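Shown next, in structure tokens, is the structure this report addresses.
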Amino acid sequence: MSDPLFSQAVFAKPGKVQTAGLAKEQLTAYQRWELASFDAKPDAMPAAQSSTERLDVVNQKHPAEQPSAEQLLARQHAAAELQATLQQARETSYAEGQQAGYAEGIAQAQLNTAQLQTLLDNLQMALNQIDEQIAQSLLDLSLEIARKMVLATLQTKPEIILKIVSTAIASLPHFNQNAHLVLHPDDAALVREQMGEQLAQSGWQLFTDEQIERGGCRVETAHSNVDASNATRWKHVVESIGQDTSWMI
Numbered sequence: 049m050s051d052p053l054f055s056q057a058v059f060a061k062p063g064k065v066q067t068a069g070l071a072k073e074q075l076t077a078y079q080r081w082e083l084a085s086f087d088a089k090p091d092a093m094p095a096a097q098s099s100t101e102r103l104d105v106v107n108q109k110h111p112a113e114q115p116s117a118e119q120l121l122a123r124q125h126a127a128a129e130l131q132a133t134l135q136q137a138r139e140t141s142y143a144e145g146q147q148a149g150y151a152e153g154i155a156q157a158q159l160n161t162a163q164l165q166t167l168l169d170n171l172q173m174a175l176n177q178i179d180e181q182i183a184q185s186l187l188d189l190s191l192e193i194a195r196k197m198v199l200a201t202l203q204t205k206p207e208i209i210l211k212i213v214s215t216a217i218a219s220l221p222h223f224n225q226n227a228h229l230v231l232h233p234d235d236a237a238l239v240r241e242q243m244g245e246q247l248a249q250s251g252w253q254l255f256t257d258e259q260i261e262r263g264g265c266r267v268e269t270a271h272s273n274v275d276a277s278n279a280t281r282w283k284h285v286v287e288s289i290g291q292d293t294s295w296m297i
């Protein structure tokens, strides 16, 4: 329902104000109505509330609930269990790693020990072979020196051939025919001089052979032969001490 005063004011003719129907006391004040400018700035709006202020308002309306003592205790207990679980996991991992490392170290040490033992065995075998070779070489050298000394003695003491011949004759059975004694020419002259008559009575005949070294002889009969050359006699000496005589050939 429209206001009669407003209608009269709006639809009145310009320059005149309709006063009909208005009480006198309503005409005490007169003010011209004008349309407001569109450029006019609206009254300042209240400043927007900050998020903190809004949060404070919310908190005032809905205050945060404080955890109870039981909840705090439960949280502490859960945190302690989590810490204990982590610590146990770390200790278990460390123990497993240590055990694995120990086992690997033992296996590597055993492998190194086996390799070292093999190396030591090979070294000992090589040393033993060297010792045997050295011992054999020394023995061969000693035998060769002894042989040279014997030959030198035969050269300086040719009368030794007399004993050698006597020993060779004594090793044969008694016979009276076809007995030959073969000597080096120089030894043959000495034997004729010292034993010629004795050999003639026993039926021995002397022959010479330059291939026989001085100090050696060969005895030949119809039934047996005796090789008393220096090489053969020396070979028997070497074999008597269990040595190989192939190097003498």
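Adding 48 to a residue's 1-based position in the sequence shown gives its number in my numbering.
Glycine is no exception: its CB is placed at the ideal position from the N, C-alpha and C atoms.
Quick caveat: nothing in here was measured; it's all calculated off a predicted structure.
Worksheet item: When burial is assigned at 16 or more other CB atoms within 10 Å of the CB, is Gly263 buried or exposed?
Response: buried
Discussion item. Taking the straight line between their C-alpha atoms, what separation do you get for Ala216 and Asp234?
Written reply: When rounded, the distance between both Cα atoms is 18 Å.
Practice prompt. Could you tell me the distance, in whole angstroms, from the CA atom of Glu180 to the CA atom of Ile289?
Written response: 16 Å
Practice prompt. Figure out for me which residue from Ala270, Asp257, Thr269 has the closest Cα to the Cα of Ser277.
Written response: Asp257
Worksheet item: Roughly how many whole angstroms lie between the Cα atoms of Lys211 and Leu175?
Response: 46 Å
Item to complete: Leaving aside the five residues before and after Glu268 along the sequence, list all residues of the same chain whose C-beta is less than 6 Å from its C-beta, in chain order.
Response: His228
Practice prompt. Would you check if the distance between the CB atom of Ala279 and the CB atom of Asn226 is smaller than 8 Å?
Written response: no
Discussion item. Classify Met173: buried if its beta carbon has 16 or more other beta carbons within 10 angstroms, exposed otherwise.
Written reply: exposed
Discussion item. Going by beta-carbon coordinates alone, are Leu231 and Leu254 separated by less than 8 Å?
Written reply: In this structure, Leu231 sits near Leu254, with a CB-CB distance shorter than 8 Å.
Discussion item. I'd like to check one pair, Ile208 with Thr201: are the Cβ atoms closer than 8 Å?
Written reply: It is a contact, given that the beta carbons lie within the stated cut-off.
Worksheet item: Given that a residue counts as buried once 16 or more other Cβ atoms are within 10 Å of its Cβ, and exposed if not, what is Ile260?
Response: buried
Worksheet item: Ends of the alpha helix (DSSP H) at Leu220?
Response: No alpha helix (DSSP H) contains Leu220, which DSSP labels as neither H nor E.
Fill in: Span of the alpha helix (DSSP H), counted from its first residue to its last, around Asp366
The structure shown does not extend to residue 366, since the chain is modelled only from 49 through 297, so no value can be given for it.
Practice prompt. Return yes when the Cβ of Met243 is within less than 8 Å of the Cβ of Val286, no when it is not.
Written response: no
Worksheet item: Who does Val274 pair with in a DSSP beta bridge?
Response: Val267
Item to complete: Taking 8 Å as the cut-off, decide whether the C-beta atoms of Leu238 and Pro206 are in contact.
Response: yes
Worksheet item: So, is Arg266 buried or exposed, given that buried needs 16 or more other C-beta atoms within 10 angstroms?
Response: buried
Worksheet entry | DSSP state of Gln259 mapped onto helix, strand, coil | coil
Item to complete: Reducing DSSP to helix, strand and coil, say where Met93 ends up.
Response: Unreliable placement is indicated for Met93, whose pLDDT of 49 sits below 50; the coordinate value is still reported in the next sentence. Residue state, collapsed to three classes: coil.
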